[in-house]
Amino acid sequence: MSGERSSWPLYEVFVRPRRGLNHVHVGSLHASDDTMALLAARDLYTRRNEGVSLWVVRSDAITASSPDEQDPFFAPSGDKVYRHPTFYPIPEDVPHI
Amino acid sequence: METQAQAQAQFDAVVAAEQRVEPRDWMPDAYRATLVRQIAQHAHSEIIGMQPEGNWLTRAPSLRRKAILLAKAQDEAGHGLYLYAAAETLGVDRAELTEKLIDGRQKYSSIFNYPTLTFADVGVIGWLVDGAAICNQVPLCRCSYGPYARAMVRICKEESFHQRQGYELLMTLMAGTDAQRAMVQDAVDRWWWPSLMMFGPPDGASPNSERSMAWRIKRHSNDELRQRFVDMTVPQAEHLGVVLPDPELAWNAERGSWDFGEPDWSELQQVIKGHGPCNAQRIERRRAAHEDGAWVREAASAYAAKQAAREGSSG
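Protein chains in written order, with full-length UniProt numbering: chain W, 1 to 97; chain A, 1 to 315.
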C-alpha cells in the first residue's frame with residue numbers, strides 16, 4: 001500500500017499572485033508526473049484566485065545551500081557594510097540624497 | 001564539527017528569539033516526535049472531518065447550499081494535504097501516516113465521532129466546531145516550526161468562510177418555522193459539550209502541554225482557549241436566539257468572562273478510546289475510500305512510467 005504512493009516524486013509549488021509580482025513558493029505536493037503536479041497544484045493552492053501563473057518543479061531538482069544561519073557560505077557579504085547606503089554619512093541639510 | 005550541546009543551544013536561541021525552526025535545522029528528537037504526532041493528528045482530523053458533513057452533500061436543501069458544502073469539504077481535503085506536506089518535512093511519509101490512521105495507531109479529533117442527524121448540524125458544525133477550531137488554530141500560525149506555522153496561516157484564512165457559512169445557515173433556519181428553530185436548538189444541545197471538549201482535557205490533566213508551550217508549539221493552555229471560545233460564542237448564541245445547554249453559564253463581572261460548567265470528561269475519554277458513536281464507521285469509510293482509489297493511483301503511476309519510457313527511447 002505504501003509503495004505506490006511513495007514512488008510519486010515530491011514537487012515544490014510556486015504561484016505568481018498577479019501580474020508584476022514574482023512567483024512565490026507556497027508549498028509542496030506529490031504527483032505521478034509534471035502534468036498531474038500542475039493540476040493538483042491548481043486544485044490545492046489556487047482555490048480562491050490566489051494566482052495567475054503556477055510553476056511546479058521536482059524537489060530533487062533544487063540545489064540548496066545549508067539553511068544554518070551560521071553558515072560560512074554567506075560570510076562574504078557579512079563584513080561589507082560599505083555596500084549599504086547608510087554607511088555614508090551625509091549632512092542633514094543636503095537635499096534629495 | 002558541531003557538538004550536540006552547541007546544536008541544542010542554537011535551537012534554544014532560535015525558539016527564544018521567536019524565529020522559526022526550519023526542516024533541515026537540528027532539533028531535539030522529542031520536538032520532532034511531538035510535531036509529527038500533532039501535525040499528523042491535525043491532518044487526519046481534516047480528512048476525517050469531511051465525513052460528517054459529506055453525509056449531507058447529496059441532501060442539502062438547495063443548489064446554493066450544496067455548492068457551499070462541497071467547497072467546504074474540498075477545503076478540508078486541501079487542509080489535510082497542507083498538513084501532511086508539513087509533516088513530511090519532518091521525515092515521515094504521507095502513505096505511512098494514512099496507514100497509521102486506518103490501523104488506529106494515530107488519532108484524529110474526537111469531535112468527528114459524533115453523527116450529523118439533521119441539516120441543522122451542518123450549520124452548528126460550521127459555527128461551533130469550526131469556531132472552536134479557529135480558536136485553537138490562530139495561535140498555531142505563530143508556532144515555532146516554520147512549515148506548520150505557514151500551513152496554519154493558509155488554513156486560518158479559509159476557516160473563516162467555514163464558520164460564517166454555518167452561522168448564516170443557522171440564521172436562515174431561525175428565521176423559518178418553529179420546527180426549523182427547534183431543529184437548530186436540538187443541534188446546539190448535542191454539539192455544545194463536544195465542542196468544548198475539542199480544546200482537550202483540563203490543564204491539570206494535560207501532561208504534554210507545558211513542554212509544548214516551552215517549545216512554542218503551543219501558545220495558550222487548553223483552559224485559556226476554552227474560556228476564549230465560550231466568551232466569543234455566548235453573544236453569538238444570544239443573537240441567534242438559541243440557548244446554550246449549560247445551566248451554570250453566567251456572566252462573571254469580576255473576571256470579565258463567562259463562568260461555565262464542567263464538560264463530562266469521562267465521555268471524552270470514551271470517545272478517544274474508540275467508543276464514540278461513529279468511530280468505527282469513520283475509519284471504515286476512510287479505509288474504503290483509500291482502497292477504492294487504489295486503481296486511480298496505479299493508473300497514474302503506470303501512465304507516468306510509460307511516458308518516461310517513451311521519452312527515454314525517443315531522446
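Cβ atoms here follow ideal geometry from the backbone N, Cα and C, with glycine treated the same way.
Quantities reported herein were computed from a predicted structural model and do not represent experimental measurements.
Along chain A, in chain order, which residues have C-beta atoms closer than 8 Å to that of residue i?
i       : result
GLY51/W : Neighbours of GLY51/W on chain A: none; closest Cβ ~13 Å, over 8 Å.
ASP93/W : Within 8 Å Cβ-Cβ: nothing; ASP93/W doesn't reach chain A, min ~39 Å.
Please list, in chain order, all residues of the same chain as residue i whose beta carbon is under 6 Å from its beta carbon, the five residues on each side excluded.
i             : result
SER53/W       : ARG16
LEU101/A      : HIS44
ASP259/A      : ALA250, ASN252
VAL26/W       : VAL13, VAL15, TYR45
GLU18/A       : none
ASP246/A      : PHE260, GLY261
GLN6/A        : none
residue 321/A : Not covered by the structure: residue 321/A. The range shown for chain A is 1 to 315.
VAL271/A      : SER110, ASN113
ALA237/A      : LEU244
VAL234/A      : TRP258
GLY131/A      : GLN163
GLU267/A      : none
Which residues in chain A sit within 9 Å of residue i, going by Cβ to Cβ distance?
i       : result
ASP79/W : In chain order: nothing, as chain A lies at least about 21 Å away.
ARG47/W : ALA71, GLN74, ASP75, GLY78, GLU158
LEU21/W : Neighbours of LEU21/W on chain A: none; closest Cβ ~18 Å, over 9 Å.
Just to make sure I have the definition right: I need the residues of chain A whose C-beta is within less than 7 Å of the C-beta of residue i. Which are they?
i             : result
SER28/W       : ALA85
residue 173/W : With chain W covering only 1 through 97, there is no way to say anything about residue 173/W.
ASP60/W       : Under the 7 Å cutoff, chain A gives no residues; its nearest Cβ is about 14 Å from ASP60/W.
LEU39/W       : Correct list: empty, because the minimum Cβ distance to chain A is about 11 Å.
Going by the DSSP bridge assignment, what does residue i pair with across the sheet?
i        : result
TYR145/A : VAL21/A
TYR11/W  : LEU29/W, ARG58/W
VAL24/W  : VAL15/W
SER53/W  : ARG16/W
TRP258/A : TRP251/A
Looking at residue i: is its Cβ nearer than 8 Å to the Cβ of residue j?
i             : j        : result
TYR45/W       : ALA31/W  : no
ALA86/A       : ALA151/A : yes
SER195/A      : ILE283/A : no
LEU81/A       : ILE39/A  : no
residue 316/A : LEU170/A : Look at the range of chain A in this structure, 1 to 315, and you will see that residue 316/A is not part of it.
GLU53/A       : VAL122/A : yes
VAL184/A      : MET198/A : no
TYR114/A      : PRO277/A : yes
LEU244/A      : TRP192/A : yes
VAL188/A      : VAL242/A : yes
ASP203/A      : ASP223/A : yes
ALA300/A      : MET36/W  : yes
PRO28/A       : THR89/A  : no
ILE134/A      : GLU159/A : yes
GLN51/A       : ARG255/A : no
ASP60/W       : PRO9/W   : yes
ASP79/W       : ALA304/A : no
VAL92/A       : ARG216/A : no
VAL56/W       : LEU38/W  : yes
Grab me the residues of residue i's own chain with a C-beta within less than 7 Å of its C-beta, minus the 5 sequence neighbours each way, in chain order.
i        : result
GLU4/W   : In this prediction, GLU4/W has a pLDDT of 46, which is less than 50 and means its spatial position is unreliable; nothing more can be read from the coordinates.
LYS218/A : SER209, SER212
ILE90/W  : ILE97
ALA40/W  : LEU29, ALA31
VAL81/W  : PHE87
ILE62/W  : GLU12
HIS290/A : THR98, ILE102
VAL230/A : TRP258, PHE260
ASN55/A  : THR116
GLU22/A  : GLY146
Just the chain W side, please: which residues come within less than 8 Å of residue i by C-beta, in chain order?
i        : result
TYR31/A  : Under the 8 Å cutoff, chain W gives no residues; its nearest Cβ is about 16 Å from TYR31/A.
TYR145/A : Those do not exist, as TYR145/A stays about 13 Å from chain W at its closest Cβ, beyond 8 Å.
GLN307/A : ASP33
Whose C-beta lies closer than 8 Å to the C-beta of residue i among residues of the same chain, with five residues either side of it excluded?
i        : result
ALA149/A : ARG20, LEU140, CYS141, ARG142, CYS143
LEU97/A  : ALA40, ALA43, HIS44, TYR84, ALA87, GLN106
SER313/A : none
PRO61/A  : PHE119
LEU63/A  : none
ASN22/W  : ARG16
ARG310/A : none
Run through chain W and tell me which residues come within less than 7 Å of residue i, C-beta to C-beta.
i        : result
ALA304/A : SER32, ASP33
TYR82/A  : GLY27
Against residue i, what residues of chain B qualify as contacts under a CB-to-CB distance less than 7 Å, listed in chain order?
i       : result
LEU54/W : Absent from the structure is chain B; the protein chains it does hold are W and A.
message: Three or more C-beta pairs under 8 Å: does that hold for the region 68 to 76 of chain A against the region 29 to 43 of chain A?
response: No: fewer than three Cβ pairs fall under 8 Å.
- request: Would you be able to state if there are at least three C-beta pairs under 8 Å between the region 148 to 164 of chain A and the region 120 to 134 of chain A?
  value: yes
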